[in-house]
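Residue numbers (this note's numbering): 73 to 144.
Glycine included, C-beta positions come from ideal geometry on N, C-alpha and C.
To start, the structure itself, in structure tokens.
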């Protein structure tokens, strides 16, 4: 189980817990449930790379970063 932090262009951050074998489409559905935005209106990108719905988080090398995580 990993925790992905996403933000929109308005400065709102969302933390979503998901598995590494989930697809980007699954991640969009989880984000949509938390934010109230429709899943088909959400675009997940990093810099200029727009992530495709059918590819898994593991293929995009999205994982927990132990350097960023703060315990306690």
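Identify whether residue 96 lies in helix, strand or coil by the three-state DSSP scheme. The answer is helix: DSSP assigns residue 96 an H, G or I state.
By a C-beta neighbour count over all protein chains shown, 10 Å radius and 16 as the cutoff for buried, is residue 103 buried or exposed? By the Cβ neighbour-count rule, residue 103 is buried, with 16 or more other Cβ atoms within 10 Å of its own.
Which of the three DSSP states is assigned to residue 36 in this structure? No statement about residue 36 is possible, as the shown extent of the chain runs from 73 to 144 and does not include it.
Between which residues of its own chain and residue 100 is the CB-CB distance below 6 Å, once the five residues before and five after are set aside? Excluding sequence neighbours, residue 100 sits near 111, 114.
With 16 other Cβ atoms within 10 Å as the buried cut-off, status of residue 129: It is buried - the Cβ of residue 129 has at least 16 other Cβ atoms within 10 Å.
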